[in-house]
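14 is the number of the first residue of the sequence shown in the working numbering; add one for each residue after it.
Scroll down for the structure; my scribbles are underneath it.
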Amino acid sequence: MNELLEKLDGLCKELRLEAMTADDIHTRLTNGMTPLETLVSFLDYQRQHKRGQAAAARVRNARFPMVKTFKGYDFTLQDGVTAEQMNRLCDFVWLEQAFNVCFLGAPGTGKTHLVTALGHAAANAGYSVCFTTLEGLVHLLKTVDISKPSKSRLTQLRRASLVIIDEMGFMPISKTEAHLLFSFVAACYESKSIAFTSNKSFDDWADFLGDPVIATAILDRLIFKCEIFNLTGEGYRIRHRQTIL
């Protein structure tokens with residue numbers, strides 16, 4: 014028996030099935046499980062282990078700026094969004110149908126928290142996700158032809174099921190950059206979902222994009238099929254402002 018267990022342990026390691034050791038299997042057998050039940054248990058354990066590894070890899074590849082969950086968001090302090098609405102989004106029917114999601118609000122209202130939590134949930138549910146700020150996206154678009162890292166990352170964004178663009182409107186961009194952004198959004202239109210945040214109302218987008226025509230064209234594609242949440246509560250950092258003692 015010891016020889017067989019050692020062989021089984023070697024096979025598990027060779028096949029990278031190390032989540033359940035030979036000793037684990039032996040324990041199940043000695044606890045009354047049949048060989049077939051033990052095999053099913055072993056394979057199910059491996060499936061869960063590999064799913065966990067795959068989910069962790071998707072989260073890493075997304076490059077979220079932080080780990081956020083909906084449980085960590087205080088919905089009682091913000092108007093315009095509820096826990097029930099976020100839970101409903103986690104069925105990801107909208108993602109399958111290439112709908113977009115938008116969070117609008119003043120700084121500190123939790124837009125990045127919500128969009129990051131949504132991205133984490135999507136990655137854990139099996140979808141490929143990429144997170145970027147508008148500034149980061151513009152940099153990729155401007156350097157794609159001269160930078161291998163930019164080309165590689167932009168390829169990931171284009172292949173992702175969900176692209177998250179944070180901080181749209183915090184900094185103005187040039188007309189040339191706005192045209193690059195339009196090309197990216199147009200390529201995503203009705204083929205993948207974009208979740209984005211902005212501290213600007215849609216009426217103000219022409220100012221930070223520098224071109225009302227381009228602003229209209231970008232918004233037309235972003236909000237045609239889009240769930241929009243307007244966060245109107247007080248900013249977290251203002252509410253929890255610290256003073257010098």
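Note that CB positions come from ideal geometry on N, CA and C, so glycine has one too.
None of the values given here were measured: they were computed from a predicted structure.
Where residue i falls: helix, strand or coil (DSSP)
{"i": "Cys201", "result": "helix"}
{"i": "Thr145", "result": "strand"}
{"i": "Ile236", "result": "helix"}
{"i": "Asn74", "result": "helix"}
{"i": "Ile186", "result": "coil"}
{"i": "Val151", "result": "helix"}
{"i": "Ala138", "result": "coil"}
{"i": "Ile251", "result": "Residue placement at Ile251 cannot be trusted, given a pLDDT of 48 that sits under 50; what the coordinates show is reported in the next sentence. In this structure, Ile251 counts as helix in the three-state DSSP scheme."}
{"i": "Met46", "result": "coil"}
{"i": "Ile207", "result": "strand"}
{"i": "Met181", "result": "strand"}
{"i": "Phe112", "result": "coil"}
For residue j and residue i, the rounded distance between their alpha carbons
{"i": "Met46", "j": "Lys63", "result": "23 Å"}
{"i": "Arg234", "j": "Phe221", "result": "18 Å"}
{"i": "Ala69", "j": "Asn137", "result": "8 Å"}
{"i": "His126", "j": "Gly182", "result": "17 Å"}
{"i": "Glu109", "j": "Ile236", "result": "17 Å"}
{"i": "Asp57", "j": "Tyr140", "result": "21 Å"}
{"i": "Leu30", "j": "Arg60", "result": "10 Å"}
{"i": "Gly121", "j": "Leu167", "result": "28 Å"}
{"i": "Ala130", "j": "Asp92", "result": "18 Å"}
{"i": "Ala67", "j": "Thr43", "result": "32 Å"}
{"i": "Leu18", "j": "Ile38", "result": "9 Å"}
{"i": "His192", "j": "Phe88", "result": "36 Å"}
{"i": "Ala200", "j": "Asp158", "result": "18 Å"}
{"i": "Arg171", "j": "Ala228", "result": "21 Å"}
{"i": "Glu16", "j": "Cys25", "result": "14 Å"}
{"i": "Ala219", "j": "Arg71", "result": "35 Å"}
{"i": "Thr40", "j": "Gly23", "result": "18 Å"}
{"i": "Lys84", "j": "Asn74", "result": "23 Å"}
{"i": "Glu27", "j": "Leu21", "result": "10 Å"}
{"i": "Phe55", "j": "Leu49", "result": "10 Å"}
{"i": "Val53", "j": "Cys103", "result": "30 Å"}
{"i": "Val198", "j": "Lys81", "result": "26 Å"}
{"i": "Lys155", "j": "Phe215", "result": "25 Å"}
{"i": "Met79", "j": "Gln98", "result": "22 Å"}
{"i": "Tyr86", "j": "Asn100", "result": "13 Å"}
{"i": "Glu180", "j": "Val226", "result": "21 Å"}
{"i": "Ala96", "j": "Asp36", "result": "44 Å"}
Whole-angstrom C-beta distance between residue j and residue i, which should lie under 8 Å
{"i": "Ile186", "j": "Val151", "result": "6 Å"}
{"i": "Asn212", "j": "Gly118", "result": "7 Å"}
Beta carbon of residue i nearer than 8 Å to that of residue j
{"i": "Ile207", "j": "Asn113", "result": "yes"}
{"i": "Cys115", "j": "Phe195", "result": "no"}
{"i": "Leu244", "j": "Val94", "result": "yes"}
{"i": "Lys205", "j": "Ser174", "result": "yes"}
{"i": "Lys188", "j": "Asp224", "result": "yes"}
{"i": "Val176", "j": "Cys143", "result": "yes"}
{"i": "Ala153", "j": "Ser163", "result": "A small fix is needed here, since residue 153 is Leu in this sequence, not Ala. Yes, the Cβ-Cβ distance between Leu153 and Ser163 is below 8 Å."}
{"i": "Gly149", "j": "Phe77", "result": "no"}
{"i": "Ala111", "j": "Glu240", "result": "no"}
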